[in-house]
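Under the working numbering, the very last position in the sequence shown is 195; numbers go up by exactly one each time.
Ideal Cβ positions, reconstructed from N, Cα and C, are used throughout, including at glycine.
Quick caveat, the model's predicted, so the values are computed rather than measured.
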Amino acid sequence: MFKKIAFASVVAAMIPFGTANADLGSNFKSADTGRTIEQIYKQCGIGGALFGNSSPILAIISNVTWDLGTTAATSDSMSPNTCQGGNVKAAVLIKEAFPSVEKDLASGQGAHLSALQTVASCDSVANVRTQYGQYAQTSAYRTATQDQNAETLYNIVKQSCAI
């Protein structure tokens, strides 16, 4: 009997929170970015970057599991353009595999360069190779951190490709 009362109390206590979140997702977020809570959890954050369009259910599960969706909500409000497909995947690829991407760029071939071309929707990576090659010969490249060089590469990819 005690278990039934405790369970009923928990369920009753959660009803206002469920209603408040549903209202927040349908009204507040639509006014800001045009996305509902469901779209934010599918397209933004860790889940959107890893799974995005390939598996929206896994994107939602990933966002909820890792940080209760805070990176999804943050990326939606702070940088909404990162919630749209290829640019997130390209950024993750460049950040996580930068040395390999850089090596493939230098040689003009390789699995990481091919993956970058695919996720960034590049018809050709020749312009990216040229621009990054020019940058790599500057003192800015030599004095920058790996993360700064990765960011520069991402900006070149963003300007040169369809992401």
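Closest Cα partner of residue i within the set the options
i	options	result
threonine 68	Ile92, Ala81, Phe83	Ile92
alanine 182	Gly140, Ser153, Cys193, Ser132	Ser132
isoleucine 89	Val160, Arg174, Glu70, Ala147	Glu70
arginine 149	Gln178, Phe83, Cys193	First, the amino acid is wrong: residue 149 is glutamine here, not arginine. Taking only the C-alpha atoms, the option nearest glutamine 149 is Cys193.
aspartate 179	Ile126, Ser156, Ala158, Cys154	Ile126
valine 160	Tyr73, Ser139, Thr175	Ser139
glutamate 128	Tyr73, Ala176, Leu82	Leu82
alanine 152	Thr184, Asn119, His144	Asn119
serine 86	Ala147, Lys74, Val96	Lys74
Beta-carbon proximity of residue i to residue j, cut-off 9 Å
i	j	result
glycine 66	alanine 104	no
aspartate 108	cysteine 76	yes
isoleucine 72	cysteine 115	yes
histidine 144	aspartate 155	no
For residue j and residue i, the rounded distance between their alpha carbons
i	j	result
phenylalanine 130	alanine 123	10 Å
aspartate 55	methionine 110	Legend: pLDDT at aspartate 55 = 43, less than 50; position of this residue unreliable, value from coordinates given subsequently. C-alpha separation (whole angstroms): 21 Å.
glutamine 169	glutamine 141	20 Å
glycine 57	lysine 121	Residue confidence is low: glycine 57 scores 45 on pLDDT, short of 50, so the model does not pin down where it sits. Its coordinate-derived value is still stated next. Near 25 Å, if we compare the C-alpha coordinates of lysine 121 and glycine 57.
tyrosine 173	alanine 158	20 Å
threonine 177	threonine 184	11 Å
glutamate 134	alanine 147	13 Å
valine 96	serine 171	43 Å
threonine 196	glycine 101	Residue 196 lies beyond the range of the chain shown here (33 to 195); nothing can be said about it.
serine 94	threonine 106	15 Å
Examine the Cβ distances between the stretch 154-169 and the stretch 187-194 and report whether three or more of them are shorter than 8 Å.
yes
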